[in-house]
Ligand SMILES: Cc1ncc(COP(=O)(O)O)c(C=O)c1O
Ligand SMILES: [Zn+2]
C-alpha cells in the first residue's frame with residue numbers, strides 16, 4: 064500500500080488518515096510506493112493518463128482535463144544551447160500548473176468526504192482551488208495577502224464563488240494561519256502544496272516531459288514555496304525506477320533575488336535556510352520568504368547535480384517580454400523567472416552549448432495583465448484619416 068513518508072526523519076504511516084505534516088519533525092509528508100505498486104500502465108491524456116502512479120481512485124476524479132500542456136521548441140531565445148523547449152503550464156484549465164495537483168487533492172478531499180477545502184495563496188492556488196471546489200460541489204476558502212494578488216487570479220477565485228479571506232500580511236503569514244488551522248481542525252481539507260496529494264498530481268509534469276522528448280540535460284523551474292520542484296524531482300525519480308529514463312536531468316531552481324532563501328542556503332552549502340522576513344519581487348506568485356518545502360527543494364537540486372539561482376526583477380521582466388515577443392508565449396512574471404534563470408545559466412556556462420534544456424513556465428500571462436505595463440510598447444493614437452495609418456506602418 065502507498066504510505067505517507069517523512070523524507071527528513073523516516074516517519075511513515077498509512078493513507079487512511081488526513082495527514083500533511085510529520086508528527087515527529089513537522090516537515091511536509093511525501094507519499095511513497097513499494098516495488099510493484101508503481102506501474103507504467105498509461106492511457107488517455109493529461110494528469111489522469113498517469114493514474115497507475117497516483118494514490119486516488121480515477122473513477123471518482125474531479126477533473127477539468129488538466130495536464131497535456133503544450134511543449135514548444137524555442138525558435139529564437141534558446142540559440143545558446145542545443146535545444147531549448149518550453150513547457151507551457153499556463154495552458155492548464157485555470158491557467159497554471161496548480162491544476163495538476165489540485166485535481167488529485169480535490170479528488171482526495173471528496174474521497175475523504177470533506178465539504179470544504181482551504182489554502183493560503185499568492186493567487187494561483189486560490190484560483191485553482193476555487194474552480195475545482197466548484198466543480199466538486201464543495202465550499203472553497205482562500206486566504207490571500209491583502210493587495211498583493213494579481214488581478215486575474217482574484218477574478219477567478221471570485222467568479223468561482225470561493226470565500227476570500229484577506230490577511231494584512233504576506234503569504235508566509237497566510238500559510239502559517241492555515242497550517243495552524245489544519246493542525247487543530249478537520250473542518251476543511253488543506254490543499255496547499257504541503258498536502259502530499261498535491262505533489263502526486265504535480266509530479267505528472269515530469270512524466271509528460273519524458274514521454275515527449277526523452278531525457279533532457281537540464282530542467283529549469285521557478286521556485287516559491289518549493290512544492291513544484293519537489294514534485295518534479297519525485298516524478299523524475301519514479302521514472303528512473305520504472306526504467307523510463309537512465310539519466311536524471313539536472314534541476315535549475317530559480318527564485319526571485321528578493322525572495323531567495325533557498326538560493327542562499329545552496330550557495331553557502333548550508334543545511335538550513337534563513338527565512339526572508341520581507342520578501343520583495345514583482346513576481347508576486349513566488350514572493351515567499353519562508354518556503355514550506357525548502358528542505359526537499361535543496362535535497363532535490365543537490366541530488367540532481369544542478370543549482371539554485373536568483374534572478375533580478377529586471378531580468379524577469381526582460382525574459383517575460385522576450386518570451387512573448389520572440390516566441391509567442393505569454394506568461395506571468397513568476398514563470399518568466401524560469402527563462403531568466405536559463406538565460407543567466409547559459410551565459411555563465413553552467414548550462415552548456417550541447418545541452419538539451421526544458422524550461423517549465425508555470426502560469427498564463429493573462430493572470431497578471433498589469434505586468435505588461437513594464438514592457439516597451441508600440442502604441443500610436445491616430446486620427447481617422449487613412450493616410451496617417453500608412454505613416455505609422457512605414458515607420
Ligand atoms: C506561476 C507560479 N510559478 C511558480 C510558483 C512556485 O511554485 P511552488 O510554490 O510550488 O514553488 C507559483 C506558486 O504560487 C506560481 O503561482
Ligand atoms: Zn519527520
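In our numbering, the protein residues as written are 64 to 458. Heads up, the beta-carbon is just placed ideally off N, CA and C, and yes, glycines get one too. Note that the structure is predicted; figures quoted are calculated from it, not measured.
task = Answer yes if the stretch 406 to 417 comes into contact with the stretch 134 to 154, meaning at least three C-beta pairs across the two stretches below 8 Å, and no otherwise.
result = yes
inquiry  = Taking only three categories from DSSP, how would you classify residue 384?
reply    = helix
task = Counting only the same chain and skipping the five closest in sequence on each side, list residues whose C-beta sits under 6 Å from that of residue 365.
result = Cβ within range, chain order: n/a, list empty.
message = Give me the residue from 385, 241, 308, 275 with the minimum Cα distance to residue 132.
response = 275
query = With 16 other CB atoms within 10 Å as the buried threshold, where does residue 444 fall?
reply = exposed
key: Ordered list of beta strand (DSSP E) runs contained in the stretch 130 to 184, each at least 3 residues   = For the stretch 130 to 184, whole beta strand (DSSP E) runs of length 3 or above, ordered along the chain, are 134 to 136, 146 to 151, 179 to 183.
task = Check whether the Cβ atoms of residue 367 and residue 311 sit closer than 9 Å, and answer yes or no.
result = yes
message = Just to confirm before moving on: does the CB-CB distance between residue 164 and residue 261 stay below 9 Å?
response = In this structure, residue 261 lies closer than 9 Å to residue 164 by Cβ.
task = Could you tell me if the beta carbon of residue 269 falls within a distance shorter than 8 Å of some heavy atom in ligand 1?
result = No; taking the cut-off as 8 Å, the Cβ of residue 269 has no heavy atom of ligand 1 nearer than that.
Distance between residue 73 and residue 88 (C-alpha atoms, nearest Å) = 10 Å
query = Would residue 204 be called buried (16 or more neighbouring beta carbons within 10 Å of its own) or exposed?
reply = buried
request  = Compute the minimum distance between the beta carbon of residue 71 and the heavy atoms of ligand 2, and state whether it is under 8 Å.
outcome  = yes
query = Which one of 321, 271, 193 has the shortest CA to CA distance from residue 299?
reply = 271
key: Nearest residue (CA-CA) to residue 95, options 106, 168, 76   = 76
message = Considering just the uninterrupted stretch of the beta strand (DSSP E) at residue 313, what are its terminal residues?
response = 313 to 319
message = For ligand 2, I want to know if residue 258 counts as a neighbour, meaning its beta carbon is within less than 8 Å of at least one of the ligand's heavy atoms.
response = no
Simplified DSSP assignment, three categories, for residue 97 = coil
request  = Within the same chain, show all residues whose beta-carbon is closer than 7 Å to that of residue 340, passing over the 5 residues directly before and after it, in chain order.
outcome  = 352
inquiry  = What does the alpha-carbon distance come out to for the pair residue 206 and residue 182?
reply    = 6 Å
message = If you reduce the DSSP assignment to three classes, tell me which class residue 50 lands in.
response = Residue 50 lies beyond the residue range present for the chain, which begins at 64 and ends at 458; the question has no answer from this structure.
message = Taking 8 Å as the cut-off, is the beta-carbon of residue 161 closer than that to any non-hydrogen atom of ligand 1?
response = yes
inquiry  = With a threshold of 8 Å (Cβ to nearest heavy atom), would residue 91 be considered close to ligand 1?
reply    = no
message = If I measure Cβ to Cβ from residue 398 and keep anything under 7 Å in the same chain, skipping five residues before and after, which residues do I get?
response = 153, 285, 424, 425, 426
ask   = At a cut-off of 8 Å, is residue 74 close to ligand 2 when judged by its beta-carbon and the heavy atoms of the ligand?
value = yes
query = What three-state label does DSSP hand residue 217 in the structure shown?
reply = Helix, per DSSP.
task = Put residue 347 into one of helix, strand or coil per three-state DSSP.
result = helix
message = Considering just the uninterrupted stretch of the beta strand (DSSP E) at residue 67, what are its terminal residues?
response = 66 to 68
request  = Return yes when the Cβ of residue 409 is within less than 9 Å of the Cβ of residue 374, no when it is not.
outcome  = no
query = Counting Cβ pairs closer than 8 Å, one from the stretch 186 to 203 and one from the stretch 220 to 230, do we hit at least three?
reply = yes
task = Mark residue 309 as exposed unless 16 or more other C-beta atoms lie within 10 angstroms of its C-beta, in which case mark it buried.
result = exposed
task = Please name the residue, chosen from 240, 370, 106, 287, that lies closest to residue 256 on a Cα-to-Cα basis.
result = 287
key: Given 8 Å, three or more beta-carbon pairs between the stretch 315 to 324 and the stretch 109 to 120   = Contact between the stretch 315 to 324 and the stretch 109 to 120 is absent, because fewer than three Cβ pairs lie under 8 Å.
inquiry  = Using the Cβ count rule (16 or more neighbours within 10 Å means buried), how would you classify residue 407?
reply    = In summary, residue 407 is buried, with 16 or more beta-carbon neighbours lying within 10 Å of its beta-carbon over all protein chains present.
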